[in-house]
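*Asks:* In order, the protein sequences belong to chains W, E and B. Going by the working numbering, the first sequence opens with residue 1, and the numbers climb by one from there. Going by the working numbering, the second sequence opens with residue 1001, and the numbers climb by one from there. Going by the working numbering, the third sequence opens with residue 2001, and the numbers climb by one from there. Cβ atoms here follow ideal geometry from the backbone N, Cα and C, with glycine treated the same way.
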Amino acid sequence: MRMLFGDQSLLSRFISVIKVALAVITILFPSQAVSYQLAISNERSDEVLLHDAEGRVLRQLLSCKRPRGMLVEPVNQDLWVACSDEDAIVRIDPESGEVKQRIAGFSGATNLALLGSEQLIVSNEGAASVSLVDTTTNVIVSQLPTGNEPDGIVYSADHKRIFVASENAGVVHVFSSEDFHQEALLLTNLRPRRMAINKDELWVSSEMGSRVEIFNAASLQKMDRIIFSPRGFRSEQLTPVDLIFSSDGLTAYVALGAANHVAIVDVVTREVEKYILVGSRAWGLELSPDGTRLYVLNGLSDDMTIIDLESRRPIASERTGLVPHAVEVVNR
Amino acid sequence: MYLGIDHLSHRYGEHQALNDLSLSFNAGEVTALLGPNGAGKSTLIKLLAGLLPCQQGEFDIEGRKKNSIEPRDLALFGFVFQEPALDMMRSAKANLHYAAGLHGMNRKTRDSRINWVSELLNIQDLIDRKPSALSGGERRRIEIARALLHKPRWLLLDEPSVGLDIDSRLQLSEDIHRLVKQENIGILWCTHITDELRPEDKLLILAKGEVCHRGVCGSPDELVQTYQRITKPHA
Amino acid sequence: MPKSYYAFRAIIDREFARFIQQRTRLLSALVRPLFWLLVFAAGFKSTLGIAIQAPYATYTPYDVYIIPGLIGMVCLFNGMQSSLAMAYDREAGSMKVLMTAPISRRQLLVFKLLAAASVSTIQAYLMLLIALLFGVDIPLNGLLVALPIIFIVAYALALIGLLLASTVTGMENFSGVMNFVIFPALFLSSSLYPLWQLEESSELLYWISLSNPFTHLVESIRFALYLQFQPWVLGGILSGAVLLSYLAPVVYKPNA
Chain W
1 MRMLFGDQSL
11 LSRFISVIKV
21 ALAVITILFP
31 SQAVSYQLAI
41 SNERSDEVLL
51 HDAEGRVLRQ
61 LLSCKRPRGM
71 LVEPVNQDLW
81 VACSDEDAIV
91 RIDPESGEVK
101 QRIAGFSGAT
111 NLALLGSEQL
121 IVSNEGAASV
131 SLVDTTTNVI
141 VSQLPTGNEP
151 DGIVYSADHK
161 RIFVASENAG
171 VVHVFSSEDF
181 HQEALLLTNL
191 RPRRMAINKD
201 ELWVSSEMGS
211 RVEIFNAASL
221 QKMDRIIFSP
231 RGFRSEQLTP
241 VDLIFSSDGL
251 TAYVALGAAN
261 HVAIVDVVTR
271 EVEKYILVGS
281 RAWGLELSPD
291 GTRLYVLNGL
301 SDDMTIIDLE
311 SRRPIASERT
321 GLVPHAVEVV
331 NR
Chain E
1001 MYLGIDHLSH
1011 RYGEHQALND
1021 LSLSFNAGEV
1031 TALLGPNGAG
1041 KSTLIKLLAG
1051 LLPCQQGEFD
1061 IEGRKKNSIE
1071 PRDLALFGFV
1081 FQEPALDMMR
1091 SAKANLHYAA
1101 GLHGMNRKTR
1111 DSRINWVSEL
1121 LNIQDLIDRK
1131 PSALSGGERR
1141 RIEIARALLH
1151 KPRWLLLDEP
1161 SVGLDIDSRL
1171 QLSEDIHRLV
1181 KQENIGILWC
1191 THITDELRPE
1201 DKLLILAKGE
1211 VCHRGVCGSP
1221 DELVQTYQRI
1231 TKPHA
Chain B
2001 MPKSYYAFRA
2011 IIDREFARFI
2021 QQRTRLLSAL
2031 VRPLFWLLVF
2041 AAGFKSTLGI
2051 AIQAPYATYT
2061 PYDVYIIPGL
2071 IGMVCLFNGM
2081 QSSLAMAYDR
2091 EAGSMKVLMT
2101 APISRRQLLV
2111 FKLLAAASVS
2121 TIQAYLMLLI
2131 ALLFGVDIPL
2141 NGLLVALPII
2151 FIVAYALALI
2161 GLLLASTVTG
2171 MENFSGVMNF
2181 VIFPALFLSS
2191 SLYPLWQLEE
2201 SSELLYWISL
2211 SNPFTHLVES
2221 IRFALYLQFQ
2231 PWVLGGILSG
2241 AVLLSYLAPV
2251 VYKPNA
């Protein structure tokens, strides 16, 4: 520099500019302190792993055969895990992993939903039914027949109805939450998997139909559908599974399965606002407690992609166990 | 202000272009350098411009003896080469700014020098135009202007009037001789065209890399006779 | 300011003036990488799954992946172009104006290289701007931080162009050499596909690409865009550039 310009301070001035620029950047993009953890069920490696909010594995919480659906109890924050190949559900302490309760008798237990403070509904993939279980007595109180391979379970906003998707049968069963009789059957497109309720709308993902169907949860009329079409993908590759709403109900996030993307949908206009590239076979979804992050499980690449929802960008992908299925926020 | 060349020799492979050449130039004079093709005129200019490495010999620049022309010495020289060297797509003014900048002048100095040289060579109407829109003679005047911007002690011209029409050549000769008087520059003028020179101009005839004659030009007829007499044996 | 500063300004101003005047050169400088980005990469956007590798923290779409390679492409082409222009100047006689200025050969060449690098950097950012407008996800903070790295890479590539120009005589030959250098440099590097993909198909091609300096220049840009730096690589590039710049007047003789 001196050779060329005879001005020694040019270099030091240059370095100072870079330092200032980096400082400004650090101020503009601060990292945030978070206080929660994530539990991820891994089907193939038969374990539930505990991760920090950045996605790093902390330790193994539970070892059980083919863990799938999970649920966090609102009162004591314990974690229920459906251990499919053990035909059982297990309640654990999400900090220590201590098994507090174990209830058997669910053939291929897949998903769980809370029914009041003392009852759970469990979908039995192997028995074409859902079971109602009393968690205080460990007794299966009732079994409601469904079509083959029941999967997702949700309630209407007023808790008067229970919806159960039956993958194989291509229907959503509508049960009354008072007497559990089947009120109606919603005909859906191919292989309905998961559902989500947003006020009076029931959104149902159709795995083989490459779409989400929207029903009125009160009148049970089909209202709308959203067909996904990220550029460069054939419709067969679009296998939407999990879906989740933002807390204000204005945005929906849909994992598109073999299309390796997550779709961000405007609930009002039904428009797909963005497709975000994640790992292989986007499956389970979960939002961070403050709604700023979306966690996406990638079933075939054995990892989890963390999406920053403010910038709508994927920020990291972190390894988890083999074939991750479901993710729940724990230890808030 | 004295420029001397002592025992300069240069060889291109087997061909001896200059052979033990010793010359001197003073400021305030025009020295014409004549000679047949291949005499070594261009080689001499290139050596003075530092475009060729000095193989043998010395330069004496105002009392400082050196084996090679260094970049800072070039501030003392202005060059106009045989091949035109203007950026055709930039205005003449931009060309002048470029050359002045290369000689380390700031904006203010460049502007004042360009004004000065425009008046000196009467090119005020030309500088805002692009060289592609100028005639051969006008371009040459721009090039001479360019060579003068940094107020050199010596101006070296390598066949500057090649391709110019009669009026342009006469104008060029007029400008150069006026410069010598006005600015007290020393001029080394390589040319084939004898009617541009004035009787009082110094004369050097080069042939086969050696100085064959030193004197003054004399009248155009005398010059031609001298030239033929000197160069015939070397033909 | 020292005199050499004004000489540098004169050289860089001329380089910019030529760059702006030569519209077709500017257009092709932009069209070339944008063609790759908007046509080629768009087609591969979703199918070429880029596995996670540094500096990326997650899966990267192909159009994001090739951005550093395209920046390298712009700098490589412009570096060659400016050396071609020097070869042209040499033949056309304009080089003499430069050579008879009171600046050393080394200064002359380094100023020329800095000027070429400046033009390359501007071209690269123009390309990035257009890419951003087309929705390619480039981190904005990375664009600022990568500026000095992109400039250094542009300088290194202009230097390589210069050294290449010194080995050929005449413009026609140089154009031919450009093709023998540019396309292998581009394809045998990590610009268009990650090296692990090359390794899967051919170990030899992988090692050639790993030894290709262009790979490391592109990777240093890639890392810088994500606010990461590889000190050894950068140190190597800088010291190589400084050393070669010092030796440049020995190798490249811009005389007529």
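If the cut is a Cβ gap below 9 Å, which residues of chain W does Ala2057/B touch?
*Replies:* Simply Ile306, Pro314, Ile315, Ala316, Ser317 and Glu318.
*Asks:* Kindly indicate which three-state DSSP category Ile1185/E falls into: helix, strand or coil?
*Replies:* It is coil, neither helix nor strand.
*Asks:* What is the DSSP secondary structure of Ile306/W, reduced to helix, strand or coil?
*Replies:* It is a strand residue.
*Asks:* Excluding five sequence neighbours on each side, which residues of the same chain lie with their C-beta closer than 7 Å to the C-beta of Phe5/W?
*Replies:* For Phe5/W, the pLDDT reaches just 41, beneath the cut-off of 50, and the residue's location in the model is therefore unreliable, leaving the point undetermined.
*Asks:* Opposite Ala1032/E in the DSSP bridges: which residues?
*Replies:* Bridge partners of Ala1032/E: Trp1189/E and Leu1203/E.
*Asks:* So, with DSSP's three-state summary, where would you put Pro230/W?
*Replies:* In the structure shown, Pro230/W sits in coil (DSSP, three-state: anything other than H, G, I, E or B).
*Asks:* Out of Ser2220/B, Ile2066/B and Ala2116/B, which has the shortest C-alpha to C-alpha gap to Arg2009/B?
*Replies:* For the residues Ser2220/B, Ile2066/B and Ala2116/B, the minimum Cα distance to Arg2009/B belongs to Ala2116/B.
*Asks:* Using DSSP bridges, identify the partner residues of Ile40/W.
*Replies:* DSSP lists Leu49/W and Val327/W as partners of Ile40/W.
*Asks:* Is there a Cβ of chain B sitting closer than 8 Å to that of Tyr1098/E, yes or no?
*Replies:* Yes, Tyr1098/E counts as interfacial toward chain B.
*Asks:* With H, G and I counted as helix, E and B as strand and the rest as coil, what does DSSP make of Gln2230/B?
*Replies:* Correct three-state label for Gln2230/B: coil.
*Asks:* Check for me: the alpha helix (DSSP H) holding Ile1114/E runs from which residue to which?
*Replies:* First-last of the alpha helix (DSSP H) with Ile1114/E: Arg1107 to Leu1121.
*Asks:* Beta-carbon within less than 6 Å of Leu2162/B's beta-carbon, same chain only, minus the 5 sequence neighbours each way: which residues are those?
*Replies:* Hits under 6 Å: Ser2083 and Tyr2252.
*Asks:* Which of the three DSSP states is assigned to Ser1009/E in this structure?
*Replies:* Strand, per DSSP.
*Asks:* What residue from Val265/W, Leu115/W and Arg68/W has the CA that sits closest to Glu125/W's CA?
*Replies:* Answer by Cα proximity: Arg68/W.
*Asks:* Please confirm if Ile18/W has its CB atom under 8 Å from at least one CB of chain B.
*Replies:* Closer than 8 Å to some Cβ of chain B, the Cβ of Ile18/W qualifies, so yes.
*Asks:* Under 6 Å Cβ to Cβ from Gly299/W, same chain only, skipping five residues before and after it: list those, please.
*Replies:* Excluding positions up to five away in sequence, the list reads Arg281, Trp283 and Val323.
*Asks:* Using a Cβ-Cβ cut-off of 7 Å (strictly less than) and excluding sequence neighbours within five positions of Met3/W, which residues of its own chain qualify?
*Replies:* Bear in mind that a pLDDT of 46 at Met3/W, under 50, signals an unreliable position, so the number given afterwards is only what the model happens to contain. None.
*Asks:* Can you tell which of Trp1189/E, Gln1182/E and Lys1093/E has the C-alpha that lies nearest to the C-alpha of Ile1142/E?
*Replies:* Measuring from the Cα of Ile1142/E, the nearest candidate turns out to be Lys1093/E.
*Asks:* Quick check on DSSP: helix, strand or coil for Phe2019/B?
*Replies:* Correct three-state label for Phe2019/B: helix.
*Asks:* How many whole angstroms separate the CB atoms of Asp151/W and Ser123/W, which I take to be in contact at a CB cut-off of 8 Å?
*Replies:* Yes, they are in contact, since the Cβ atoms of Asp151/W and Ser123/W sit about 6 Å apart, within 8 Å.
*Asks:* What first and last residue would you give for the beta strand (DSSP E) that runs through Ile2149/B?
*Replies:* First-last for Ile2149/B: Leu2147 to Thr2167, but that is the alpha helix (DSSP H), not the beta strand (DSSP E).
*Asks:* Quick one: what's got a C-beta closer than 8 Å to Leu1074/E's C-beta in the same chain, skipping five residues either side?
*Replies:* Hits under 8 Å: Ala1049 and Gly1050.
*Asks:* Can you check whether the C-beta of Gly321/W is within less than 8 Å of a C-beta belonging to chain B?
*Replies:* False, the Cβ-Cβ gap to chain B never drops below 8 Å.
*Asks:* In chain B, which residues lie less than 7 Å from Met1089/E when you measure between Cβ atoms?
*Replies:* Correct list: Gln2021.
*Asks:* If you draw a straight line from the C-alpha of Arg1110/E to the C-alpha of Asn1122/E, how long is it?
*Replies:* Whole-angstrom Cα-Cα distance: 17 Å.
*Asks:* With a cut-off of 8 Å, do at least 3 Cβ pairs link the segment 2084-2097 of chain B to the segment 1068-1088 of chain E?
*Replies:* Yes, the segment 2084-2097 of chain B touches the segment 1068-1088 of chain E.
*Asks:* Can you give the beta carbon distance from Ser129/W to Thr110/W, rounded, assuming they're within the 8 Å contact cut?
*Replies:* Ser129/W to Thr110/W, Cβ: 11 Å. No contact.
*Asks:* If you count every other CB in all the chains shown that lies within 10 Å of the CB of Met2001/B, and 16 or more means buried, which is it?
*Replies:* By the 10 Å Cβ count, Met2001/B comes out exposed.
*Asks:* Mind checking Met2178/B: buried by the 16 CB within 10 Å criterion, or exposed?
*Replies:* So Met2178/B counts as buried.
*Asks:* Compare the C-beta of Pro1131/E against all C-beta atoms of chain B and say whether one is closer than 8 Å.
*Replies:* By this cut-off, Pro1131/E is not an interface position.
*Asks:* Where does the unbroken beta strand (DSSP E) through Phe175/W begin, and where does it stop?
*Replies:* First-last of the beta strand (DSSP E) with Phe175/W: Val171 to Ser176.
*Asks:* Name the residues in the segment 202-224 of chain W whose C-beta lies less than 9 Å from a C-beta of chain B; which are they?
*Replies:* Correct list: empty, as no residue qualifies.
*Asks:* By the three-class DSSP mapping on this structure, what secondary structure does Val2119/B have?
*Replies:* Three-state DSSP puts Val2119/B in a helix.
*Asks:* Name, please, each residue of chain B whose Cβ falls closer than 8 Å to the Cβ of Ala21/W.
*Replies:* Going along chain B in sequence order, the residues near Ala21/W (Cβ under 8 Å) are Leu2144 and Val2145.
*Asks:* Would you call Val2031/B buried or exposed, if buried means 16 or more other Cβ atoms sit within 10 Å of its Cβ?
*Replies:* Under this definition Val2031/B is an exposed residue.
*Asks:* Assess, as a yes-or-no matter, whether the segment 1143-1150 of chain E is touched by the segment 1099-1110 of chain E under the definition of 3 or more beta carbon pairs within less than 8 Å.
*Replies:* The answer is yes - the segment 1143-1150 of chain E touches the segment 1099-1110 of chain E, with three or more Cβ pairs under 8 Å.
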